[in-house]
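Trainee:
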Amino acid sequence: MIKRGIQTTSCQCKNIRSGIPKTTPFKNKPLSYEEAQPPYRIGVTKAWNSWNTSNLKDEGKTGETTIDDMFIRRFVKGTFHYLLASEVIIKRRHNMIIICGLLFGSYQQRMSHDPKKYYFLIGYSEELLSHFLKCPVKMEFSVVTDKNDMVFKKI
1 MIKRGIQTTS CQCKNIRSGI PKTTPFKNKP LSYEEAQPPY RIGVTKAWNS WNTSNLKDEG
61 KTGETTIDDM FIRRFVKGTF HYLLASEVII KRRHNMIIIC GLLFGSYQQR MSHDPKKYYF
121 LIGYSEELLS HFLKCPVKME FSVVTDKNDM VFKKI
């Protein structure tokens with residue numbers, strides 16, 4: 001016969017703040033500018049990752065825009081595997097989609113600083129996304145040479 005009991009230990013509220021990273025004992029965890037901003041500062045010191053007008057009141061295609069944004073993010077993260085240094089920013093202007101972000105200069109010497117490889121990946125992504133989404137897509141990426149260039153503060 002199995003007996004069940006009620007657990008009576010107290011709750012350990014170590015990190016009750018959602019979205020705010022927990023500090024480490026030696027302050028050696030690097031954070032970028034976007035990660036260092038708390039969630040309540042979105043729209044003040046940190047911008048949204050998707051810029052569109054479909055989330056306004058009485059606008060159509062809200063669900064389609066959200067699904068498209070999810071598809072774009074997954075496609076870009078898969079195409080630029082280990083090369084993305086920041087979050088993918090998606091801006092919609094009229095019928096055009098603009099995708100922005102930061103790329104690492106090289107990841108463990110797999111990709112050198114040869115611009116041809118980056119231009120190929122950007123052109124390949126623009127063409128495929130334009131075909132899938134049936135609207136013009138433009139990608140604007142900047143290259144960061146060192147991972148330490150992205151560090152805003154350490155916690």
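Taking full-length UniProt numbering as reference, the numbering of the sequence shown is continuous, increasing by one, and the terminal residue is 155. Where a beta carbon is used, it is the ideal one built from N, C-alpha and C, also for glycine. Predicted model only: the values in this text are computed from it and were never measured.
1) For L31, which beta-bridge partners are listed by DSSP?
2) When DSSP labels each residue in this structure, what does Q109 get in the three-state scheme?
3) For I97, write down the residues that DSSP places opposite it in a beta bridge.
4) Work out the CA separation of G78 and K153 for me, nearest whole Å.
5) Label G101 either buried or exposed according to how many other C-beta atoms from any shown protein chain fall within 10 Å of its C-beta, with 16 as the threshold for buried.
6) In terms of residue numbering, what span does the alpha helix (DSSP H) encompassing T62 cover?
7) Using 10 angstroms around the beta-carbon of Q109, count the other beta-carbons present and answer buried if the total reaches 16, otherwise exposed.
8) Just to confirm before moving on: does the CB-CB distance between P21 and E35 stay below 8 Å?
9) Tell me which residues share the same chain as T53 and place their Cβ nearer than 7 Å to its Cβ, disregarding the 5 neighbours each side in the sequence.
10) According to DSSP, is F120 helix, strand or coil?
11) When burial is assigned at 16 or more other CB atoms within 10 Å of the CB, is S18 buried or exposed?
12) Three-state secondary structure (DSSP) at F132?
13) Who are the Cβ neighbours of L129 in its own chain at under 7 Å, not counting the five residues just before and after it?
14) If we cut at 8 Å on Cβ distances, does I99 have a partner in chain C?
15) Can you tell me which of D149, T9, N148 and V143 puts its alpha carbon nearest to the alpha carbon of L84?
Mentor: To lay it out plainly:
1) K153
2) Any reading at Q109 needs caution, since the residue's pLDDT is 48, under 50, leaving its predicted position unreliable; the model's value is listed next. Coil.
3) R92 and V137
4) Spanning the alpha carbons of K153 and G78 requires a straight line of approximately 28 Å.
5) buried
6) Start and end: T62 to T79.
7) Residue placement at Q109 is flagged as unreliable, the pLDDT there being 48, under the threshold of 50; a coordinate-derived value is accordingly withheld.
8) yes
9) E59
10) helix
11) With fewer than 16 Cβ atoms within 10 Å of its Cβ, S18 is classed as exposed.
12) helix
13) I72, F75 and V137
14) Reference to chain C is not applicable here, since this structure consists of a single protein chain.
15) Comparing Cα positions, the closest option is V143.
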